[in-house]
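Asks: The structure's right below; bear with me while I get my questions together.
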Amino acid sequence: MYRALLVYFSGTGITRHFAQLIQEQMEKRGHSCDLLNLEELTDITVLWQKKPVALPYTIRAEEKRPLSKYPWPYVKLRDALNSAAENPVLKSLEHEWDDYDIIGFGSPVYGFRPAPVMIRFLLDLPRFKKPKRVFSFATHDGAQGDYENFMSQVLTDKGFTFAGHIDQTFIYSASAVMRKSFDHLNSGRLLVKKSDEARNNIDIFLKYLDNIFKGVKDIYRIATPMSIIFGLPYRLIYSYGIDFLLNYFLFGFGIHHDKCIQCMTCVVQCPQGLIELDEDNYPIRLYHCMYCLRCLNWCPTDALYFSRLTEDKARFPGPEVLLEAVKQDQLAGRLKNL
Ligand SMILES: Cc1cc2nc3c(=O)[nH]c(=O)nc-3n(C[C@H](O)[C@H](O)[C@H](O)COP(=O)(O)O)c2cc1C
Ligand code: SF4
Ligand code: SF4
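Shown next as structure tokens:
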């Protein structure tokens, strides 16, 4: 039996849901598993602001219309990898994580890569001297691009032994902010279905991990030539699609002052700590943003928008709300049949 730790970032809750499913399946197999949300390591928000890691889509977006009030240059991934230096705040993790036999690192896929906050965190980790197995996990909407490759590269660079990768598509939560409406019950039903699919995939992955621990040679997944050939056009369309959407439709930060109740939810919820208050105490974003959509989705009065395309549109309330809608529907069905 092994002791596992799952370190994750989740913009709007889907990756947290996936991490909980992995935990559930690990515990069913008799292993122990702790969860660690990156945002619980609170000092890190400040680090993210001061050392932004930009993905290509955000570099292109901000080149067109710079919002950042700080003159820090955006660091490209290759340069960031080459100049990565251990962060003293994270130094103790090498000892704190000593008792874990395996660590999983997970995040949503943003622009084909891990979310910038996860990248920043991994780059800032110390080099682990004792051998430690790790794996990566991700949730996405169907095109994860370089995610696995990037994770295996950075984690190996930090001294870990990369054991594999597992990913899952759940619901198209990211596009909710551009849709007219978002059906909670149907999306909840899809989430239930996808979660069952995820449990099966996790089980196969965990069998593979068990074999690795037993020293038995095993293969989890091999990319077939067909999957590479058919995946390529999809990757290109998705890549340019994301770029196009973010640059032309999503990029920006707007607020309806008449709707804002100055509750500070957006300020507190921003994982990068980017939202400040203006002189009238209304939120304003002046820094580099990764478009995690949390401020937009979590605003209780729908006062925020990024562009006209997201103005007065549907919001994704998080997986728990969708699952609750399914539960209530099942309960109503049972009561009707009594
Ligand atoms: C800024 C941004 C970029 C994204 N880029 C991709 C992408 O390149 N490929 C993909 O399949 N999904 C992409 N997505 C969708 C998310 O990966 C997906 O919705 C994920 O499950 C969200 O997880 P979370 O709720 O933990 O944040 C993107 C979402 C956002 C907000
Ligand atoms: S400003 Fe909003 S979208 Fe940008 S990182 Fe913060 S919460 Fe996410
Ligand atoms: S979450 Fe919405 S209502 Fe609350 S301060 Fe931000 S914009 Fe205003």
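For the sequence shown, the working numbering gives the first residue as 24, with consecutive numbering after it.
Don't be surprised by glycine CBs; every beta carbon is placed ideally from N, CA and C.
1. Check this for me: beta carbons of Ile-125 and Arg-156, under 9 angstroms apart or not?
2. Going along the chain, which residues of its own chain have a beta-carbon closer than 6 angstroms to the beta-carbon of Leu-208, five neighbours each way excluded?
3. Reducing DSSP to helix, strand and coil, say where Arg-26 ends up.
4. At which residue ranges does the region 264 to 303 contain complete alpha helix (DSSP H) runs of 4 or more residues, listed in the order of the chain?
5. Enumerate in chain order the residues of its own chain whose CB-to-CB distance from Ser-204 is below 6 angstroms, with the five nearest sequence positions on each side excluded.
6. Which value, in whole angstroms, describes the spacing of the CA atoms of Leu-345 and Ser-196?
7. Could you tell me the boundaries of the beta strand (DSSP E) in which Pro-131 lies?
8. Is Ala-42 near Gly-168, with beta carbons less than 9 angstroms apart?
9. Hey, would you say Thr-38 sits closer than 9 angstroms to Pro-154, going by beta carbons?
10. Quick one: grab the DSSP three-state call for His-311.
11. What is the DSSP secondary structure of Phe-151, reduced to helix, strand or coil?
12. With DSSP collapsed to three states, give me the class of Gln-167.
13. Per DSSP, what are the beta-bridge partners of Phe-185 in this structure?
14. According to DSSP, is Thr-333 helix, strand or coil?
15. When we look at the beta-carbon of Cys-293 and count the other beta-carbons within 10 Å, is it buried (16 or more) or exposed?
Replies: A quick look at the data gives this:
1. One-based indexing of the sequence shown puts residue 125 at position 102. One-based indexing of the sequence shown puts residue 156 at position 133. Yes, they are a contact pair.
2. Taking the first residue of the sequence shown as 1, we reach residue 208 at position 185. Non-local C-beta neighbours of Leu-208 in its own chain, meaning closer than 6 angstroms and more than five positions away in sequence, comprise Ala-348, Asp-352, ordered along the chain.
3. Start at 1 with the first residue of the sequence shown, and residue 26 comes out as number 3. The answer is strand: DSSP assigns Arg-26 an E or B state.
4. 288 to 292
5. Indexing the sequence shown from 1 puts residue 204 at position 181. Here the set comprises Ala-337.
6. The residue you call residue 345 lines up with position 322 of the sequence shown. The residue you call residue 196 lines up with position 173 of the sequence shown. Cα to Cα, Leu-345 sits roughly 11 angstroms from Ser-196.
7. Counting from 1 along the sequence shown, the entry for residue 131 is found at position 108. Residues 125 to 133.
8. Within the sequence shown, numbered from 1, the residue matching residue 42 stands at position 19. Within the sequence shown, numbered from 1, the residue matching residue 168 stands at position 145. Cβ atoms of Ala-42 and Gly-168: not closer than 9 angstroms.
9. Here the question's residue 38 lines up with position 15 in the sequence shown. Here the question's residue 154 lines up with position 131 in the sequence shown. No, they are not a contact pair.
10. Sequence index remark: in the sequence shown, residue 311 carries index 288 (1-based). Coil.
11. In the sequence shown, counting from the first residue as 1, residue 151 sits at position 128. DSSP places Phe-151 in coil when its eight states are reduced to three.
12. Counting from one through the sequence shown, the residue named residue 167 turns up at place 144. Residue state, collapsed to three classes: coil.
13. For the purposes of this step, residue 185 is identified with residue 162 of the sequence shown, where counting begins at 1. Answer by DSSP bridge pairing, in chain order: Val-157.
14. If you number the sequence shown from 1, residue 333 lands on position 310. Thr-333: helix per DSSP, three-state reduction.
15. Translated into positions along the sequence shown, residue 293 becomes position 270. Result: buried.
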